[in-house]
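Trainee: The sequence shown runs 490 to 907 under our numbering.
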Amino acid sequence: MNTAILESTINTGFDRDTFNTYVMNTYGRFPITIEKGKGCKLWDTEGKEYLDFVAGIATCTLGHAHPALVEAVTKQIQQLHHISNFYYTEQQGQLAKWIVEHSCADKVFFCNSGAEANEAAIKLVRKYAHTVLEFLEQPVILTAKSSFHGRTLATVTATGQPKYQKHFEPLVPGFEYVPYNDIIAIEEAITNIDEGDRRVAAIMIEPLQGEGGVIPGDLDYFLRLRKICDDTGILLVFDEVQTGVGRTGKMWGHENLGVEPDIFTSAKGLAGGIPIGAMMCKASCDVFEPGNHASTFGGNPFVCAAGLAVLQTLEKDNILQNVQARGEQLRTKLRSIVSKYPKIFSEVRGWGLIDGIEIERDFDLTSVDIVKKAMENGLLLAPAGPKVLRFVPPLIVSAEEIDRASEILESTIASLVI
Ligand code: PLP
Numbered sequence: 490m491n492t493a494i495l496e497s498t499i500n501t502g503f504d505r506d507t508f509n510t511y512v513m514n515t516y517g518r519f520p521i522t523i524e525k526g527k528g529c530k531l532w533d534t535e536g537k538e539y540l541d542f543v544a545g546i547a548t549c550t551l552g553h554a555h556p557a558l559v560e561a562v563t564k565q566i567q568q569l570h571h572i573s574n575f576y577y578t579e580q581q582g583q584l585a586k587w588i589v590e591h592s593c594a595d596k597v598f599f600c601n602s603g604a605e606a607n608e609a610a611i612k613l614v615r616k617y618a619h620t621v622l623e624f625l626e627q628p629v630i631l632t633a634k635s636s637f638h639g640r641t642l643a644t645v646t647a648t649g650q651p652k653y654q655k656h657f658e659p660l661v662p663g664f665e666y667v668p669y670n671d672i673i674a675i676e677e678a679i680t681n682i683d684e685g686d687r688r689v690a691a692i693m694i695e696p697l698q699g700e701g702g703v704i705p706g707d708l709d710y711f712l713r714l715r716k717i718c719d720d721t722g723i724l725l726v727f728d729e730v731q732t733g734v735g736r737t738g739k740m741w742g743h744e745n746l747g748v749e750p751d752i753f754t755s756a757k758g759l760a761g762g763i764p765i766g767a768m769m770c771k772a773s774c775d776v777f778e779p780g781n782h783a784s785t786f787g788g789n790p791f792v793c794a795a796g797l798a799v800l801q802t803l804e805k806d807n808i809l810q811n812v813q814a815r816g817e818q819l820r821t822k823l824r825s826i827v828s829k830y831p832k833i834f835s836e837v838r839g840w841g842l843i844d845g846i847e848i849e850r851d852f853d854l855t856s857v858d859i860v861k862k863a864m865e866n867g868l869l870l871a872p873a874g875p876k877v878l879r880f881v882p883p884l885i886v887s888a889e890e891i892d893r894a895s896e897i898l899e900s901t902i903a904s905l906v907i
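1) Around the C-beta of A554, are 16 or more other C-beta atoms found within 10 angstroms, so that it is buried, or is it exposed?
2) In chain order, what are the residues with a CB under 7 Å from some non-hydrogen atom of ligand 1?
3) Looking at F791 and Q581, is the spacing between their C-beta atoms short of 8 Å?
4) With which residues is Y666 paired in a DSSP beta bridge?
5) Using DSSP with H/G/I as helix, E/B as strand and the rest coil, what is M513?
6) In this structure, how does DSSP classify A772 when only helix, strand and coil are distinguished?
7) Around the Cβ of R850, are there at least 16 other Cβ atoms within 10 angstroms (buried) or fewer (exposed)?
8) Would you list the residues sitting across from Q698 in a DSSP beta bridge?
9) Taking the beta carbon of S828 as the centre, do at least 16 other beta carbons fall within 10 Å, making it buried, or is it exposed?
10) What residue range is occupied by the uninterrupted beta strand (DSSP E) comprising K671?
11) Give the secondary structure of V734 by DSSP, where H, G and I count as helix, E and B as strand, and everything else as coil.
12) In three-state terms, what does DSSP make of Y617?
13) Check whether the Cβ atoms of A547 and V881 lie closer than 8 Å to each other.
14) With DSSP as the reference, identify every bridge partner of P533, one or two as the case may be.
15) Just to confirm the assignment, what range does the beta strand (DSSP E) spanning F599 have?
16) So P628 packs on G663, CB below 8 Å; how close in whole Å?
17) Does any residue of chain D bring its CB to less than 8 Å from the CB of V661?
18) Taking one C-beta from the region 878-892 and one from the region 806-821 each time, how about it: are there three or more such pairs within less than 8 Å?
19) With a threshold of 8 Å, are at least 3 pairs of Cβ atoms found where one atom belongs to the region 742-750 and the other to the region 779-796?
20) Does the Cβ of V597 have 16 or more other Cβ atoms within 10 Å, making it buried, or fewer, making it exposed?
21) Determine the direct distance from the alpha carbon of A609 to that of H782, and round the result to whole angstroms.
22) Would a C-beta distance cut-off of 8 Å place L797 and A561 closer than the cut-off?
23) On a CA-only basis, which of L878, Y653, G735, V906 is nearest V591? Give me that one, please.
24) Helix, strand or coil: which one does DSSP assign to Q567?
25) Taking 8 Å as the threshold (C-beta atoms), are D775 and N607 in contact?
26) Give the single residue among A760, E896, A772 whose Cα lies nearest to the Cα of V799.
27) Does I846 come out as helix, strand or coil in the three-state DSSP assignment?
28) With DSSP as the reference, label T498 as helix, strand or coil.
29) Buried or exposed: A863, going by 16 or more other Cβ atoms within 10 Å of its Cβ?
30) If we count the other Cβ atoms within 10 Å of its Cβ and call it buried at 16 or more, is K832 buried or exposed?
31) Please classify Y576: is it buried, with 16 or more other beta-carbons within 10 angstroms of its beta-carbon, or exposed?
32) Between which two residues does the alpha helix (DSSP H) containing E899 stretch?
33) Around the C-beta of L454, are 16 or more other C-beta atoms found within 10 angstroms, so that it is buried, or is it exposed?
34) Alpha helix (DSSP H) containing Y653: first to last residue?
35) Under 8 Å, do L682 and E665 count as touching if we go by C-beta distance?
36) I need the DSSP call for M490, collapsed to helix, strand or coil.
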């Protein structure tokens, strides 16, 4: 189709009723239609400007239309975008090399989303259990309550939130849940499950729970998890889909905890908004062989060129330093707002640029109420459950943008509680 016709179709033939007629009803969308973006700003079809503190849900690492990403994907699509994994491509090898050289991992498997990366990790754990731990006929993976690991059947089973599992039973066998940051619960679960052929093969956990309410992992808890795994041979798997790629102020979220996993996953921010997922592991559990796992699109040259552009820009522009400084600034601002409204808010928490404020359980206000009002005032925020407001701006956010977002938030709250 010629570009002029395509543009006129988009500009004249679209409205939200048409959208809802044809698109399946799986998302509760807010009533705005976004048309373009630049840096940390977005504009809707009415020309209204928004400060974007959602970033595609912690995904647009470099914001919108970043020149390095635009240049890399433009160049790559003109040269080669997809050929299958029958053949080698330089881009996939280069991206894997970058990740390995900037993490504790030895090997990388590429796919297309966070759920798929976690599926790959679950399959790797099971193969390891059947072939290396041998005695394990029925391997069990322990995950945390309030966790989020994805929407495929295995990852929604891994997700420790029954609301996501309802009506999708029967769930996948081989998962048990423990409270987050509770070492006694893990020790008890391991003891209780170890009977007959049923044994714990892995603990799969987020270094900071994102969807579950921006809850950082406890340092001592994670150190003890690592010790338990070292002592027993159980694998430690970190879901870094939301916390990876600089989001927390370190390259990987687990670097805040001083503990290395055996396996970890990434997606969201890895290619800055181009769909990608990756599962990383240490050489000691690299048990996949040809035919064990695959993905048609996984690691194609287009997405890997995007991933390389994001990671190289992160390093070249010293963006982790910005994440740390802007994160401090944001939490200071949020604490000052929270201290003005002690009846409404209970806590500010987070690492780097994944931060949240908790709304008092008994106060009659939800995170969505605030998100809607802030949107009217030109600030996009994401809920993390009904009582937590989440702040995950692009990692390139400026000091002025943090100040502006805080001003909008404060006036939004003032207008809601009058
Ligand atoms: N794991 C975590 C920690 C997530 O936050 C998410 C998405 O929010 C997922 C997995 C699922 O990722 P995706 O939506 O790319 O499948």
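The C-beta atom is built at its ideal place from N, Cα and C for all residues, glycine as well.
Mentor: According to the structure shown:
1) exposed
2) I546, S602, G603, A604, E605, N607, F637, H638, G639, R640, T644, E695, G699, E700, D728, V730, Q731, A756, K757, G766
3) Taking 8 Å as the Cβ cut-off, Q581 and F791 do not qualify as a contacting pair.
4) For Y666, the beta-bridge partners assigned by DSSP are T632.
5) DSSP places M513 in coil when its eight states are reduced to three.
6) helix
7) exposed
8) Within the DSSP secondary-structure output, Q698 pairs in a beta bridge with I704.
9) exposed
10) Here the sequence assigns Asp to residue 671, which means Lys is not the residue at that position. Looking at the DSSP string, D671 is not in any beta strand (DSSP E), and its letter there is neither H nor E.
11) coil
12) helix
13) By the CB criterion at 8 Å, A547 and V881 fall inside the cutoff.
14) Correcting the residue type first, residue 533 is Asp in the shown sequence and not Pro. For D533, which the question treats as bridged, DSSP gives the partners I523.
15) 596-600
16) 6 Å
17) Looking for chain D here will not work: only one protein chain is present.
18) yes
19) no
20) buried
21) 7 Å
22) yes
23) Per the sequence shown, the amino acid found at residue 591 is His instead of Val. Selected option, being the one with the closest Cα: G735.
24) helix
25) no
26) A760
27) strand
28) The predicted position of T498 is uncertain, since its pLDDT is 40 and thus under 50; a value taken from the coordinates is nonetheless stated next. Helix at T498.
29) Buried, since its Cβ has 16 or more Cβ neighbours within 10 Å.
30) exposed
31) Per the 10 Å Cβ criterion, exposed.
32) 888-906
33) The first residue shown for the chain is 490 and the last is 907, placing residue 454 beyond what the model contains.
34) 651-654
35) Reading off the sequence shown, one finds Ile at residue 682, where the question assumed Leu. Yes, Cβ-Cβ distance for I682 and E665 is below 8 Å.
36) Residue confidence is low: M490 scores 33 on pLDDT, short of 50, so the model does not pin down where it sits. Its coordinate-derived value is still stated next. The answer is coil: DSSP assigns M490 none of H, G, I, E or B.
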